[in-house]
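Heads up, the thing below is written out as structure tokens.
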Amino acid sequence: MKRYENLDGVSTKKTFSDFRRWQKERKNKKKDLSYQVPHADPPQYPLLHTNRFRTLISWVGHSTFVIQLNGITIVTDPVWATRMGTAKRLTEPGISLNNMPKVDVVLISHGHYDHLHFPSIRKLKGTPRIFVPVGLGRLFRRKGYKQVTEFEWWEEQSFGDVTFTFVPAQHWTRRTLWDMNTSHWGGWVMRSKEKPTIYFAGDSGYFRGFRDIGERFSIDYALLPIGAYEPEWFMGPQHVTPEEAVQAFVDCQADYFIPMHYGAFRLADDTPKEALDRLLAEWKRRGLDESRLKCLKLGEVLDCDIRS
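Right, dumping it as structure tokens:
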């Protein structure tokens with residue numbers, strides 16, 4: 001069975017002794033988990049049920065977004081799970097499954113459980129097309145999904161008036177003891193004529209691919225991860241730090257940065273508050289325009305056709 005790799009052969013492999021060292025260090029860390037990402041109040045999801053023409057982005061939590069582009073409703077990495085392993089979700093999803101609009105397209109970045117949750121996909125309204133990395137199609141078909149399309153890096157396909165391109169990331173994947181890297185991982189670029197171009201990075205360490213993506217596309221909104229980076233010696237190849245996320249934003253030459261991959265699950269030792277504080281400090285240190293950073297509340301709906 002084929003095993004997939006990162007650009008330049010970068011490895012994210014860890015040994016059992018690495019894992020034991022991390023767990024030993026973790027016992028000595030006392031973290032304040034009281035901060036919770038705020039929810040939009042009042043709820044804004046009704047806008048997603050009436051919109052037909054505007055470009056809207058709403059953050060459900062972690063790496064799950066509802067994106068409406070040229071009349072198409074897209075969901076990235078649908079995860080409404082209340083737990084991830086033994087850890088309870090830190091905040092309620094920004095939009096409940098009951099309040100979701102019908103979905104046309106589901107985008108999967110890779111097969112990790114915090115990005116691919118089949119019970120959530122089953123509860124989505126509509127009969128969406130599902131776009132997945134190469135190697136994941138067989139898993140979906142075994143579970144009875146027929147409208148599934150696999151993508152290699154840089155492959156693209158149109159749905160309605162929206163073009164979807166699967167782009168590289170630096171990561172890895174596994175769902176069982178035996179399927180390490182038997183499917184690929186990446187991000188998605190969404191384009192539609194005379195509409196903003198949206199880049200959803202999925203899950204990634206810092207790598208030269210961010211520059212490659214920025215050179216190929218004119219990106220308006222970059223949805224980039226900022227969490228699950230500590231300890232950096234362990235997480236570094238697979239998860240960007242907040243400072244590296246800002247560099248990735250600069251590399252891909254986007255107009256606006258929407259942070260994600262924080263606040264829902266405790267996957268590493270950093271906290272949501274630490275991730276945000278480091279992001280804001282780096283933004284200020286670099287002298288970047290505050291209006292270009294869009295830290296969404298959960299369930300907030302951002303109208304991307306209105307430029308600030």
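Here full-length UniProt numbering is used: position 215 in the sequence shown is 215, and no number is missing along the way.
We put the CB at the ideal spot given by N, CA and C, even for glycine.
Spatial neighbours of E230 in its own chain (CB-CB distance under 7 Å, excluding positions within 5 residues in sequence) are listed in chain order as A268, D269 and D270. With contacts defined as CB atoms closer than 8 Å, S109 and W178 fail to qualify as a contacting pair. I67 and R216 have their C-alpha atoms roughly 22 Å apart.
When rounded, the separation of the alpha-carbon atoms in M84 and P225 is 18 Å. Here F16 is exposed. Its C-beta has fewer than 16 other C-beta atoms within 10 Å. Contact between P42 and L298 does not hold, since the beta-carbon distance rounds to 13 Å and is not under 8 Å. Per DSSP, D269 lies in no beta strand (DSSP E) and is assigned neither H nor E. When C-beta atoms of the region 59–76 are compared with those of the region 90–97, three or more pairs fall below 8 Å, so the two segments count as touching. As computed with DSSP, P133 is found in a beta bridge with F151. CA-CA distance, Y221 to A87, rounds to 31 Å. Within the DSSP bridge table, the entry for H39 names L298 as partners. Assignment of beta-bridge partners to D303 by DSSP yields L56.
Around the beta carbon of F118, fewer than 16 other beta carbons lie within 10 angstroms, which makes this residue exposed. About 11 Å separates the Cβ atoms of V162 and V189, ruling out a contact at the 8 Å cut-off. V105: member of the beta strand (DSSP E) spanning V105 to L107, first to last residue. In the DSSP assignment, F207 falls outside any beta strand (DSSP E) and carries neither an H nor an E. Taking the CA atoms as reference points, G205 sits about 32 Å from P101. Between V301 and L107, the gap from beta carbon to beta carbon reaches 8 Å or more.
V246 carries a helical assignment under DSSP once its states are collapsed to helix, strand and coil. In this chain, the beta strand (DSSP E) harbouring L224 covers Y221 to P225. Counting C-beta pairs closer than 8 Å gives three or more between the region 281–294 and the region 240–253, which meets the contact rule. Under the three-state reduction of DSSP output, G187 falls in the strand class. With fewer than 16 other Cβ atoms inside 10 Å of its own Cβ, E156 counts as exposed. DSSP, reduced to helix, strand and coil, places S291 within a helical segment of the structure shown. Ranking F200, D305 and F234 by CA distance to the CA of P259 puts F200 first. Exclusion of the five residues before and after Q147 leaves T127, P128, R129 and I130 as the residues of its chain whose Cβ lies within less than 8 Å of its Cβ.
For L48, the enclosing alpha helix (DSSP H) stretches over residues P46 to T50. According to the DSSP assignment, I121 belongs to the alpha helix (DSSP H) that extends over F118 to K123.
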